[in-house]
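Numbering (this note's numbering), first residue to last: 2 to 575.
We put the CB at the ideal spot given by N, CA and C, even for glycine.
Just so it is clear, the structure is predicted and the values come from calculations on it, not from any experiment.
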Amino acid sequence: MAARKKTWVVLEGNPRAEEELARECGVPAPVARVLVNRGLLDGKAAAAFLSPARGNMHDPFMLPDMKEAAGRIVDAVARGEKIRVYGDYDADGVTAVSLLVTVLSALGASVDYRIPNRLVEGYGLSTEAIERAADEGVSVMVTVDCGIGAVEEALAARSRGMDLIITDHHEAGPEIPRALAVINPKRKGSLYPFKDLAGVGVAFKLAQAFWELSNRPAGHGDPWRHLDIVALGTIADVVPLVGENRIIARAGLAMMKSSQNLGIRNLIDVSGFAGREIKAGNVGFSMAPRVNAAGRLGDPSLGARLFLTDSQAEAAGLAAMLDEENRKRQEIEAGIFRDAWAPVSKMNTASTRAIVLGSESWHSGVIGIVASKIAELTCRPTVLVSFDGDVGRGSGRSIPGFNLHSALTECSDLLLKYGGHAQAAGLSIRADDLDRFRERLNELGHRWLTPEDLVPQVSVDAELQESEISIELARGLAVLEPFGLGNPTPVFLTRRLLVLEQKQVGPEGRHLKLKLGKGSRIVDAIGFRMAQHYADLARQAGEVDVAYGLEVNEWNGRESAELNLKDMRRSEAV
């Protein structure tokens with residue numbers, strides 16, 4: 002099975018709505034076209050999107066059980082009771098832990114935190130963690146980014162007289178834990194207007210609520226002053242960057258360049274973005290992986306320590322450690338990918354609707370990244386399992402049209418444990434059940450997926466003539482940032498451009514650098530990781546049609562428009 006040829010889908014648009022938006026919002030016609038393609042058909046909705054405001058955030062007390070949770074925390078702080086924050090080991094969980102510990106500490110709380118080791122303890126809250134906390138005198142435990150499935154653990158907390166407050170954003174199962182409070186916008190019956198908060202977003206809402214009940218004035222502990230942390234976790238968790246997430250991400254990214262958090266500042270430094278405006282892509286592809294690396298390979302507390310320290314020397318040291326952990330993660334990831342791709346490349350394209358592979362030699366902390374890469378290349382839901390003896394831990398990534406969480410629910414009789422979202426999930430399984438699980442997942446794939454679902458698509462917002470490609474338009478598109486899930490980078494199409502120059506650049510010549518032209522118009526283009534599959538086309542085609550994002554390229558103090566290629570084809574004869 003090889004990477005599939007992509008289908009280009011040019012979105013239809015709505016010329017009348019686009020014309021009105023361009024006039025009302027004062028944006029170029031292509032920007033108005035993108036707004037309409039995002040479902041923003043009137044000036045009010047478009048204005049709210051273009052200027053995401055703090056005032057448009059929803060009241061945290063609209064979340065289920067929020068009043069009970071916030072009130073209990075305020076009482077615990079006043080009485081000097083011991084509070085423990087318990088979080089997941091990824092960037093979403095780590096930032097959520099850091100946020101709550103920071104705000105609670107500012108209130109004078111007796112608070113500590115615990116992040117489980119992925120390799121030893123696995124995902125989520127455990128009865129062992131409950132028992133340990135009770136033995137250590139914890140009165141209130143608050144989970145972040147986990148706990149929605151902790152039915153037995155909630156009973157254990159109740160039996161030990163400990164109040165458990167669960168904050169989570171994962172899909173809820175049929176039974177809600179009997180905790181003091183279960184705060185999750187996806188809970189059945191929840192009236193909260195925005196369902197797609199990240200784990201750190203839900204934690205932010207809790208922090209807002211108990212800060213408000215504490216009647217504290219604006220100060221260091223004010224949750225709003227830590228939106229850079231909230232934005233990092235939100236972007237890292239690949240939740241839709243619309244609604245409240247867009248407000249959080251836009252404001253938090255703006256704070257990062259001059260962040261007061263020593264951890265954020267040093268993370269920016271080791272990621273190579275010092276002195277630059279930080280964009281969502283910088284967080285998602287560079288900063289967040291460094292935070293995640295610690296949780297994937299070993300000590301997940303490194304990230305929390307980084308964001309909580311008030312020592313510059315310690316922050317610099319921790320950031321350097323995360324940078325090194327990320328380098329090791331990349332090496333391990335490359336080895337697993339080579340190992341997994343060997344059988345994938347031999348699979349039958351017609352009969353394979355889902356990919357399930359397992360190995361005892363794969364690192365359980367890294368398989369999720371490889372599963373994501375294979376799912377992207379093959380356009381098939383992919384689950385990779387790392388076995389330790391008879392039991393394996395798996396990580397899955399999916400494609401549009403295949404709800405992975407629902408699929409795992411259908412296969413729950415074969416699984417020891419599972420949880421997650423429609424597009425990403427984790428599980429544990431016995432080795433003897435792997436083959437049956439693969440068969441079942443493929444059966445679901447044949448039922449749920451159409452042939453069109455199995456071909457990757459490039460959604461094109463608009464076709465531009467070469468004369469419309471300009472630095473002014475590239476700058477104008479910036480009002481639509483931050484880009485991510487739910488608000489993808491706008492993609493444009495231009496036909497019949499002549500390939501004037503081409504060369505391979507970057508490590509091992511993986512990237513394709515082009516000069517494209519038509520008439521007197523010449524524009525630079527870059528295709529990241531495209532050299533292997535597109536270099537011959539660039540040399541031989543003469544004229545090409547290109548699908549691309551339009552960006553501002555800065556070089557030697559000069560700015561120019563540059564095409565960030567998404568796909569390229571030989572122009573058809575006319």
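Strand pairing of tyrosine 419, partner residues [DSSP]:
Bridge partners of tyrosine 419: Leu428.
Would leucine 513 pass as a contact of valine 524 if the rule is Cβ separation under 9 Å?
The answer is no: Cβ separation not under 9 Å.
I'd like to confirm the pairing. Which residues does DSSP put opposite valine 595 in its beta bridges?
A query on residue 595 cannot be resolved here, the shown segment of the chain reaching from 2 to 575 and no further.
Between Arg559, Tyr549, Arg571, which lies nearest to aspartate 537 when the distance is taken from Cα to Cα?
Measuring C-alpha to C-alpha distances from aspartate 537 to each of Arg559, Tyr549, Arg571 identifies Arg571 as the nearest.
Would you call the CB atoms of aspartate 91 and asparagine 293 closer than 9 Å?
Yes, the Cβ-Cβ distance between aspartate 91 and asparagine 293 is below 9 Å.
Counting C-beta neighbours from all protein chains within 10 Å, is the total for asparagine 57 16 or more, i.e. buried, or is it exposed?
Asparagine 57 comes out exposed.
If we call anything under 9 Å between Cβ atoms a contact, is aspartate 340 one with serine 362?
A contact, by the Cβ cut-off of 9 Å.
Rounded C-alpha distance that separates glutamate 21 from aspartate 197
Each residue's Cα considered, the two are about 30 Å apart.
Whole angstroms is fine: what's the gap from aspartate 216's alpha carbon to phenylalanine 205's?
Reading the sequence as shown, one finds asparagine at residue 216 and not aspartate. Answer to the nearest angstrom: the Cα atoms are 17 Å apart.
Against chain C, does leucine 100 count as a neighbour if the rule is that its beta carbon must be under 9 Å from one of theirs?
As a matter of chain content, chain C is missing from the structure shown, which is built from one protein chain.
Taking all protein chains shown into account, decide if lysine 6 is buried (16 or more other Cβ within 10 angstroms of its Cβ) or exposed.
Burial check for lysine 6: the Cβ neighbour count within 10 Å stays below 16, so the residue is exposed.
Does the beta-carbon of alanine 1 have 16 or more other beta-carbons within 10 angstroms, so that it is buried, or is it exposed?
Since the displayed the chain opens at 2 and closes at 575, residue 1 lies outside it and no answer follows.
Please state if the CB of isoleucine 116 and the CB of aspartate 588 are separated by a distance shorter than 9 Å.
No answer is possible for residue 588: the residues shown for the chain start at 2 and end at 575.
Nearest by alpha-carbon distance to valine 367: which of Thr350, Met256, Leu358, Phe338 is it?
The shortest C-alpha separation from valine 367 is found at Phe338.
Opposite histidine 512 in the DSSP bridges: which residues?
In the DSSP output, where bridge partners are listed per residue, histidine 512 has Val506.
Quick one: measure Cβ to Cβ for isoleucine 430 and valine 461, integer angstroms, because I've assumed they're closer than 8 Å.
Actually they are not in contact, since the Cβ atoms of isoleucine 430 and valine 461 sit about 40 Å apart, beyond 8 Å.
Whole beta strand (DSSP E) runs in the stretch 89-160 with 3 or more residues, listed along the chain?
Counting only unbroken stretches of 3 or more residues, the beta strand (DSSP E) elements lying wholly within the stretch 89-160 are 111-115, 139-145, in sequence order.
Using C-beta distances below 7 Å, list every residue in its chain close to valine 371, excluding the 5 sequence neighbours before and after it, in chain order.
So the qualifying residues of the chain are Glu334, Ile337, Phe338, Ala341, Leu385.
Looking at C-alpha atoms only, which residue of Gly125, Gly138, Arg328, Glu129 is the closest neighbour of histidine 171?
Of the candidates Gly125, Gly138, Arg328, Glu129, the one whose C-alpha sits nearest the C-alpha of histidine 171 is Gly125.
Asparagine 404 - DSSP class collapsed to helix/strand/coil:
Under the three-state reduction of DSSP output, asparagine 404 falls in the coil class, being neither helix nor strand.
Tell me the DSSP secondary structure of isoleucine 230 in three-state form.
If DSSP states are grouped into helix, strand and coil, isoleucine 230 belongs with the helices.
Which class does serine 287 belong to by DSSP, given the choice of helix, strand or coil?
Helix.
Since alanine 1 and leucine 566 should fall inside the 8 Å C-beta cutoff, what is the C-beta to C-beta distance between them, to a whole number of angstroms?
One cannot answer for residue 1 here, as it falls past the ends of the chain, which runs 2 to 575.
Whole alpha helix (DSSP H) runs in the stretch 176-230 with 4 or more residues, listed along the chain?
Restricted to the stretch 176-230, the alpha helix (DSSP H) segments that are unbroken, complete and at least 4 residues in length are 200-214, listed in chain order.
Which stretch, first to last residue, makes up the alpha helix (DSSP H) that contains tryptophan 9?
Note, tryptophan 9: premise wrong, no alpha helix (DSSP H); beta strand (DSSP E) at 8-11.
C-beta atoms of isoleucine 184 and isoleucine 166 nearer than 9 Å
Yes, the Cβ-Cβ distance between isoleucine 184 and isoleucine 166 is below 9 Å.
Just tell me which of His422, Ile400, Gly402 has its CA closest to the CA of threonine 410.
With distances taken between Cα atoms, threonine 410 lies closest to His422.
Report the option in Leu51, Leu108, Gly72, Ser52 whose CA atom is closest to the CA atom of proline 61.
Checking every option, the nearest Cα to that of proline 61 belongs to Gly72.
When the Cα of glutamate 325 is compared with those of Ser272, Gly369, Arg381, which residue comes out closest?
Ranking the options by Cα distance to glutamate 325, first place goes to Ser272.
With a threshold of 7 Å on Cβ separation, who are the neighbours of arginine 251 within its own chain once the five nearest residues in sequence on each side are excluded?
In the same chain as arginine 251, and ignoring 5 residues on each side of it, the C-beta atoms closer than 7 Å to its own belong to Pro53, Pro483, in chain order.
Exposed or buried, which one is aspartate 311 when buried takes at least 16 other CB atoms within 10 Å?
Per the 10 Å Cβ criterion, exposed.
Would you kindly check if the distance between the Cβ of glycine 202 and the Cβ of tryptophan 212 is under 9 Å?
No, the pair does not count as a contact, with Cβ atoms beyond the cut-off.
Within 9 Å, strictly: CB atoms of glycine 285 and glycine 94
No; because the gap between Cβ atoms is not below 9 Å, this pair is not in contact.
Using a Cβ distance threshold of 8 Å, determine whether the stretch 466-481 contacts the stretch 553-564, with at least three qualifying pairs required.
Yes: the two stretches touch, three or more of their Cβ pairs being nearer than 8 Å.
On the three-state DSSP scale, how would you describe lysine 347?
For lysine 347, the secondary structure class from DSSP, reduced to helix, strand or coil, is coil.
Would you check if the distance between the CB atom of glycine 397 and the CB atom of leucine 405 is smaller than 9 Å?
Yes. Within cutoff.
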